[in-house]
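To start, the structure under review is shown below, and the notes come after it.
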Amino acid sequence: MTENILSERDAMQYSPLALAFLGDSVYEQLVRQRILIKANTSAANLHSATTKKVCAVFQSKAYDVIFPLLSETEVSVLKRGRNASGCSAPKSANIVDYRRATAVECLFGFLQLTGRKERLEELINIILEKTEEEN
């Protein structure tokens, strides 16, 4: 299967919520892979560990971790995701956390579409390392 890689300009043509739609799955897959590699344990334990890191509250913390490290373009994408209309927060998160989580997912979708896999790896590693240091 050939992978379609878009230019930044073409990727910016997608709505922030469309980018977040893709980024949600990219972010979760990266988290799942790291959790599995770190601890070969039962599926229930893997699921529990994953859900703690893919929820809106955690992703809102991730926003703070990565924001200072982003390029101008990445900040622009992040802000587009944060300011996207049509977001309604689930009961488990407030609207601020939910919008910031959407922003992170938007960035991850953008990076995936533009073929920036090394940057995705770098950001998820930073997120997981910095948040583990806090706990």
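Residue numbers (the numbering used here): 1 to 135. Don't be surprised by glycine CBs; every beta carbon is placed ideally from N, CA and C.
#### Entry: Continuous alpha helix (DSSP H) stretch holding S60: start and end
Your numbering for residue 60 matches position 60 in the sequence shown. Under the DSSP assignment, S60 falls in the alpha helix (DSSP H) whose first and last residues are A56 to I66.
#### Entry: Pairwise C-alpha distance: G86 and V104
The residue you call residue 104 lines up with position 104 of the sequence shown. The residue you call residue 86 lines up with position 86 of the sequence shown. In a straight line, the C-alpha of V104 is about 16 Å away from that of G86.
### Query
Shortest alpha-carbon distance to R82 belongs to which of A20, L70 and T51?
Residue 82 sits at position 82 when you count from the first residue of the sequence shown. Measuring from the Cα of R82, the nearest candidate turns out to be A20.
### Query
Near F108, what residues of its chain come up, given a Cβ to Cβ distance below 7 Å and the 5 sequence neighbours on each side ignored?
For the purposes of this step, residue 108 is taken as the residue at position 108 of the sequence shown. Only G23, V26, Y27 and L120 meet the Cβ criterion.
### Query
In chain order, what residues of the same chain have a beta carbon less than 8 Å from the beta carbon of V75, not counting five sequence neighbours either side?
Position 75 of the sequence shown, counted from the first residue, corresponds to residue 75. Residues of the same chain with a CB within less than 8 Å of the CB of V75, apart from the 5 flanking positions on each side, are F67 in chain order.
### Query
Based on Cα-Cα distance, which residue from N125, I124 and F110 lies nearest to N4?
The residue you call residue 4 lines up with position 4 of the sequence shown. When only C-alpha atoms are compared, the closest one is F110.
### Message
What I want to know is whether the C-beta of P16 ends up closer than 7 Å to one or more non-hydrogen atoms of the ligand ATP.
### Response
This structure lacks the ligand ATP, and indeed carries no ligand of any kind.
### Task
Go ahead and pull the three-state DSSP assignment for L70.
Against the sequence shown, residue 70 aligns to sequence position 70. The DSSP-derived three-state label of L70 is coil.
### Query
Taking all protein chains shown into account, do 16 or more other C-beta atoms lie within 10 angstroms of the C-beta of S136, making it buried, or fewer, making it exposed?
Only positions 1 to 135 of the chain appear in this structure, which leaves residue 136 out of reach.
### Query
What does a CB cutoff of less than 7 Å around E8 pick up in its chain, not counting 5 residues either side in sequence?
The residue labelled residue 8 in the question sits at position 8 within the sequence shown. A distance below 7 Å between beta-carbons, with the five flanking residues on each side excluded, links E8 to the following residues of its chain, in chain order: T73 and T114.
### Task
Give the secondary structure of E133 by DSSP, where H, G and I count as helix, E and B as strand, and everything else as coil.
Taking the sequence shown and counting its residues from 1, one reaches residue 133 at position 133. Reduced to three states, the DSSP call for E133 is helix.
### Task
Report yes if the CB atom of V31 is closer than 8 Å to the CB atom of I126, and no otherwise.
Numbered from 1 along the sequence shown, position 31 holds the residue referred to as residue 31. Numbered from 1 along the sequence shown, position 126 holds the residue referred to as residue 126. No; because the gap between Cβ atoms is not below 8 Å, this pair is not in contact.
### Query
Hey, A62 and T131 are a contact pair by Cβ (cut 8 Å); roughly how many whole angstroms apart?
Indexing the sequence shown from 1 puts residue 62 at position 62. Indexing the sequence shown from 1 puts residue 131 at position 131. About 7 Å separates the beta carbons of A62 and T131, which is inside the 8 Å limit, making them a contact pair.
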